[in-house]
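In terms of this note's numbering, the sequence shown is residues 132 to 371. The C-beta atom is built at its ideal place from N, Cα and C for all residues, glycine as well. Note sheet for the following structure.
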Amino acid sequence: MSESQSSETHPGEQVSTPKSIAMTREVLEQDLIRRHFEHVYPEVALKSHQELRSSIQHVLATAPPGIQLQDGVYLFAYGSLIWNPCVEVAERHTCRLYGYHRDFCLKLDHGRGTPETPGLMLALAPGGSCHGVALRVPGDNLERELTLVWRREMLTGAYRPRWTKLKTDVGPIWGVAFVINPHHERYIGRQPDETVVHLLRTGRGVLGSCREYLDNTVGDLHALGIRDRRLESLQRAVAS
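Here it is in structure tokens:
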């Protein structure tokens with residue numbers, strides 16, 4: 132961990148605010164995203180450690196029949212999980228999820244945005260379909276690995292984990308997808324393209340810029356042979 136990311140404190144010492152935090156396994160293991168939020172955005176409601184643990188246990192307990200948890204759990208990656216999963220991945224397959232589509236419908240005032248430079252994040256919204264990647268997190272130390280994923284995806288409650296059937300190159304498989312929580316205060320629904328482009332162009336926070344997030348997502352989808360024409364159109368508009 133770099134000096135700018137250090138948040139170790141002693142009585143009487145002032146907590147330092149990092150200028151940037153890279154989304155890495157080390158950061159998630161040390162729960163630094165939570166610690167940053169607690170210091171900089173104390174008004175933001177965060178899921179407790181117990182709530183995250185209970186959510187993981189509920190997902191595992193409600194796995195569809197036939198799933199062998201000793202082999203692990205597939206996660207549906209449609210954004211940064213594709214290019215930066217931060218957890219052990221034993222297997223990956225390109226896939227398609229029906230019933231949800233990828234959309235920039237999650238407003239960010241922190242993370243990749245601030246109240247002064249808000250941004251947008253992808254989420255899975257109901258309707259249509261979405262190409263992505265099925266990532267198999269191996270069964271060894273499964274709950275430990277999923278804890279890192281939950282600290283990343285579920286900290287503010289903006290997403291809901293759902294078992295979904297994925298159409299892959301090896302046949303249908305069940306995987307966990309993080310879909311939008313429509314009742315969350317940061318969910319803003321489908322926005323006009325000019326609004327989306329503006330927020331993607333200017334959004335920046337401690338985790339980086341929204342433009343970087345968009346470029347990385349489109350780039351990795353291209354590398355996998357996946358075309359998302361809306362994201363490509365947004366990328367061209369943001370760059371122009």
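Inset, instruction - Just the C-alpha distance for Gly230 and Gly259, rounded to the nearest angstrom, thanks. - result: 5 Å
Inset, instruction - Measuring alpha carbon to alpha carbon, tell me which of Arg293, Glu363, Arg291 and Ala308 ends up nearest Leu266. - result: Ala308
Inset, instruction - On a CA-only basis, which of Cys261, Arg332 and His180 is nearest Arg233? Give me that one, please. - result: Looking at the Cα atoms, Cys261 is the closest of the given residues.
Inset, instruction - Taking the CB atoms as reference points, tell me whether Leu286 and Arg165 lie closer together than 8 Å. - result: Cβ atoms of Leu286 and Arg165: closer than 8 Å.
Inset, instruction - Please name the residue or residues paired with Ile304 in a DSSP beta bridge. - result: Leu297
Inset, instruction - Starting from His241, follow the beta strand (DSSP E) in both directions and report where the run begins and ends. - result: First-last for His241: undefined, no H or E at that position.
Legend entry - Coarse secondary structure for Cys217, derived from DSSP in three states: Three-state result, Cys217: coil.
Inset, instruction - Keeping to the same chain, check which residues put their C-beta closer than 6 Å to that of Ala370; ignore five residues upstream and five downstream. - result: none
Legend entry - Local conformation of His180 per DSSP, three classes: It is helical.
Inset, instruction - Would you give the residue range spanned by the beta strand (DSSP E) that Gly197 belongs to? - result: Neither: Gly197 is in no beta strand (DSSP E) and is coded neither H nor E.
Inset, instruction - Determine which residues share a DSSP beta bridge with Cys261 and list them. - result: Leu228
Inset, instruction - Assess, as a yes-or-no matter, whether the stretch 156-176 is touched by the stretch 276-292 under the definition of 3 or more beta carbon pairs within less than 8 Å. - result: With the cut-off at 8 Å, the stretch 276-292 and the stretch 156-176 touch.
Inset, instruction - Identify the continuous alpha helix (DSSP H) that holds Val280 and give its terminal residues. - result: Leu273 to Glu284
Legend entry - Distance between Gly356 and Leu253 (C-alpha atoms, nearest Å): 20 Å
Legend entry - Candidates Arg321, Gly270 and Val349, of which the one nearest Val204 by Cα: Ranking the options by Cα distance to Val204, first place goes to Gly270.
Inset, instruction - Along the beta strand (DSSP E) that carries Leu206, what are the first and last residues, could you check? - result: Judged by DSSP secondary structure, Leu206 falls within the beta strand (DSSP E) whose first and last residues are Val204 to Ala208.
Legend entry - For Leu266, the three-state DSSP class (helix, strand or coil): strand
Legend entry - Nonlocal neighbours in the same chain, by C-beta distance under 8 Å from Ile152, ignoring five residues either side: Gln136, Val158, Leu163, Ile164, His167, Val337 and Leu338
Inset, instruction - Could you check how far apart the C-beta atoms of Asn312 and Arg291 are, in whole angstroms? I think they sit under 8 Å. - result: 5 Å
Inset, instruction - Evaluate Ser364 with the Cβ neighbour count: other Cβ atoms within 10 Å of its Cβ, from every protein chain shown; 16 or more gives buried, anything less gives exposed. - result: Under this definition Ser364 is an exposed residue.
Legend entry - Coarse secondary structure for Tyr318, derived from DSSP in three states: strand
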